[in-house]
Amino acid sequence: MRMQTSGSIRTPNSEVTDSTVPQYITGPVQLVVFDMAGTTVVDDGLVTQAFEAAATAVGVPEAGETRERARKYVLDTMGQSKIAVFRALFGAEGAAETANEEFERAYGELITRGVEPVAGASEVLAGLRARGIATAFTTGFSPATQQRILRTLGWTEAVDHVLAPTAGLRGRPYPDLVLAAALTAQVDDLANVIVVGDTSSDIETARRARVGLSVGVLTGAHDEATLRAAGADAVLASVADLPALIPDS
Numbered sequence: 003m004r005m006q007t008s009g010s011i012r013t014p015n016s017e018v019t020d021s022t023v024p025q026y027i028t029g030p031v032q033l034v035v036f037d038m039a040g041t042t043v044v045d046d047g048l049v050t051q052a053f054e055a056a057a058t059a060v061g062v063p064e065a066g067e068t069r070e071r072a073r074k075y076v077l078d079t080m081g082q083s084k085i086a087v088f089r090a091l092f093g094a095e096g097a098a099e100t101a102n103e104e105f106e107r108a109y110g111e112l113i114t115r116g117v118e119p120v121a122g123a124s125e126v127l128a129g130l131r132a133r134g135i136a137t138a139f140t141t142g143f144s145p146a147t148q149q150r151i152l153r154t155l156g157w158t159e160a161v162d163h164v165l166a167p168t169a170g171l172r173g174r175p176y177p178d179l180v181l182a183a184a185l186t187a188q189v190d191d192l193a194n195v196i197v198v199g200d201t202s203s204d205i206e207t208a209r210r211a212r213v214g215l216s217v218g219v220l221t222g223a224h225d226e227a228t229l230r231a232a233g234a235d236a237v238l239a240s241v242a243d244l245p246a247l248i249p250d251s
């Protein structure tokens, strides 16, 4: 288990779109928590395609205002637990479970046709491990789908900790997954944790967990303005740029 690191967070350089880093970051970086789809894994619209299948499965008309409202809600809540999203959309538990089952089935089928990491993501993960910085994946998918993605990518050993929403862990925007990763990694202080994601829900989770740095990336669902409005401390073009925030001491 990785406890010590030679990295500390610095003011972002020209590759980073923020001009300041919060002053409450004082210690070494001990853990980086990554989102998956849209952050470290190329999405290419797979989530929205799977949602369309889920909506059809519960009888939402394929055209019209109801479908459009549902699409917008799904886009706005990207990154959150999928079953929680479907509960909010469809109300009845039976409908939510049906939608979630179809979503997971459809998404699983889509990733079997091909899924790939965001350019540079594998190198970033390996680089952090080499420096003794613990890493974790979190997601809004079910544990089964998360594992399927990792197997498809050959990433089952790519990070130290893998977490998904379960009966005992709420998904985003709640802080549970980040806090669980920090506890498992035995970090000394939440100020020594970085959270990286492509959605406002990722950023809100980071803020609720009171981590040292919340980092948005522009390879997924939400744009820079949305990430900043959510409170991102830094916004990067890609996760590949993350090492710029954690230079060698």
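Those letters in the sequence shown? Residues 3 to 251, per the working numbering, in order.
Built from N, CA and C at the ideal position, the CB exists for glycine as well.
Note that this is a predicted model, so its numbers are computed, not measured.
Beta-carbon gap between residue i and residue j smaller than 9 Å
i	j	result
S83	P167	yes
T207	G199	yes
G122	T201	no
F143	A65	no
G173	A193	no
E104	V60	yes
A232	H224	yes
L91	A108	no
P175	R230	no
Length of the line joining the Cα atoms of residue i and residue j
i	j	result
F36	G110	21 Å
A55	V76	13 Å
R133	L244	14 Å
T140	H163	9 Å
N102	A94	12 Å
S203	T100	24 Å
L155	V161	12 Å
A183	P177	10 Å
V241	L130	12 Å
T79	V87	7 Å
G47	L220	14 Å
S248	V195	The question names Ser, yet the displayed sequence has Ile at residue 248. Rounded to whole angstroms, I248 to V195 spans 12 Å at the Cα level.
D191	V34	13 Å
A239	V117	20 Å
V126	K74	32 Å
G216	G96	Contrary to the premise, residue 216 reads as Ser rather than Gly in this sequence. Answer to the nearest angstrom: the Cα atoms are 36 Å apart.
A1	A128	For the chain, the structure presents residues 3 to 251; residue 1 sits outside this window and is missing.
L179	A169	12 Å
T41	S124	12 Å
Q149	R115	16 Å
L165	E70	31 Å
I85	L171	13 Å
A246	F53	35 Å
V49	R153	18 Å
Top-ranked residue by Cα proximity to residue i, from the options
i	options	result
T186	G47, A138, P63, E95	A138
R212	V117, A97, L181	L181
V197	L171, A227, D191, A234	A234
E106	L165, T41, D191, I151	I151
Q32	L179, K74, I135	I135
A227	A246, I205, R209	I205
I113	Q51, I248, D190	Q51
R89	E70, A57, A146, E67	A57
Residues that residue i bridges to, as DSSP identifies them
i	result
T168	L171
P177	Its beta-bridge partners do not exist; DSSP assigns none.
V195	L33
F88	Answer is none; F88 lacks a bridge partner.
F143	None; F143 has no bridge partner.
A138	V35, H163
S216	V197
Burial state of residue i, where buried means 16 or more other Cβ atoms lie within 10 Å
i	result
G222	buried
Q188	exposed
P119	buried
D45	buried
P269	Residue 269 is absent from the structure shown; the chain starts at 3 and stops at 251.
P24	At P24 the pLDDT is 46, less than 50, meaning the model places this residue with poor confidence; the figure from the coordinates comes in the next sentence. Answer is exposed; the Cβ neighbour count stays below 16.
T158	exposed
T68	exposed
A98	buried
Distance cut-off 8 Å: residue i Cβ against heavy atoms of the ligand GDP
i	result
F92	Of the ligands one can find in the structure shown there are none, so the ligand GDP has no counterpart to examine.
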